[in-house]
Structures are given as C-alpha cells and as structure tokens.
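Inspection log for the structure reproduced underneath, given as structure tokens.
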Amino acid sequence: MTNSEPVCIESVPVKAQTAVLGGLVWLCQHSELHRNYPVGMLLNRVAGSLELNQYRYYENENGVPIGFCNWALLSDIDLADALAGNMVFEPCHWRSGGNLFFPEFLAPFGHCRMIVRDIRQNIVPPSVRGWSLRGQVNEDGTQQAQKKHRFVNA
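All residue numbers for the sequence shown refer to the UniProt record's numbering, where the first residue is 1 and numbers rise by one.
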C-alpha cells in the first residue's frame, strides 16, 4: 500500500461483521432511501467491504448506530459499471483497481458532515479522487434517478 491509497486493514472477524450488519439493517429502516432495499441487494453492496474492513461504522455514546460508509477500490471497467448503476459486486471487485468508489453511505440522523470529515481525515489520502452514486426519495416515495458524485480529498 502506498500513501496515495485509502486505508484497508485486513480481515474482520465474523462476529464483528454480523454486529455491524445488524446495525446497518437497523440504520436502513430509518433511511427513506434504504428502507425498501431488498436484503440481497444490501448484502451485495456491503458484505465484501465488511470482510475486507473497507468500511466505517458509527455509533453514538450509547452504542446506537448513527452511520455507515463503505468503499471499494475498483478497476476502470468496474468503476464504469458502478457509475452506470450496473454493478453486482463479486469478491474480486472490492480491490480490483485504484478507483475509489463508495457504494453505501447511511446517515439517517444527520451525521453526514461528521462522517465525511472522518473519511477525509482518516481514510482517503489527500488529492485522491472518489466516486459515488447519490440517490434521493421524492415526496411521493418514489426514487429519483441516481446522480454521479465525484470528490477530491483536498
């Protein structure tokens, strides 16, 4: 790993993965965008990152989940698929290249800025570019088309 790559620590014990997954499902029920995710889709978008420790999970001082963010290091081809909304994550995708992509970001209680600050200070090295797709729910409950979001950690 070089100083220009996001932090990735190896392998997380299964017990820790299941605890985070339980908290993540709880967070989903409080997020309009994630509330109706099929379980299989959610697992596809997070399980590999839990195994590889490519995520941040946030709890408040009482141990209540408040946020989650994960990332993948994608090849150019995988990034194009992810940004087109066509990505089905396989184990080989999570570290297939050098393109930083954030599949999920949950902060249903308003902790978005705190999470972004933590990711920028502790995960993403300076000058590294990252990508995500941002979803939004309309007032009638339908989902808007996802928008590509690009950022550079300054």
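Glycine is no exception: its CB is placed at the ideal position from the N, C-alpha and C atoms.
Its chain contains Pro126, Ser127 as the residues whose beta carbon lies nearer than 8 angstroms to that of alanine 154, once the 5 sequence neighbours on both sides are disregarded; these appear in chain order. Per DSSP, serine 96 lies in no alpha helix (DSSP H) and is assigned neither H nor E.
In terms of CA proximity to leucine 52, Leu73 leads the group Asn36, Gly63, Leu73, Pro38. Around the beta carbon of glutamate 104, 16 or more other beta carbons lie within 10 angstroms, which makes this residue buried. Taking a contact to require three or more Cβ pairs closer than 8 angstroms, the segment 22-32 and the segment 56-69 qualify as touching.
CA-to-CA, the gap between arginine 150 and asparagine 99 works out to about 11 angstroms. As DSSP reads the structure, tryptophan 71 sits in no beta bridge.
Assignment of beta-bridge partners to glutamate 59 by DSSP yields Pro65. Between aspartate 78 and glycine 97 the beta-carbon gap is near 7 angstroms, inside 8 angstroms, which marks them as a contact.
Alanine 82 and arginine 134 have their C-alpha atoms some 12 angstroms from each other. Assignment of beta-bridge partners to arginine 150 by DSSP yields Trp131.
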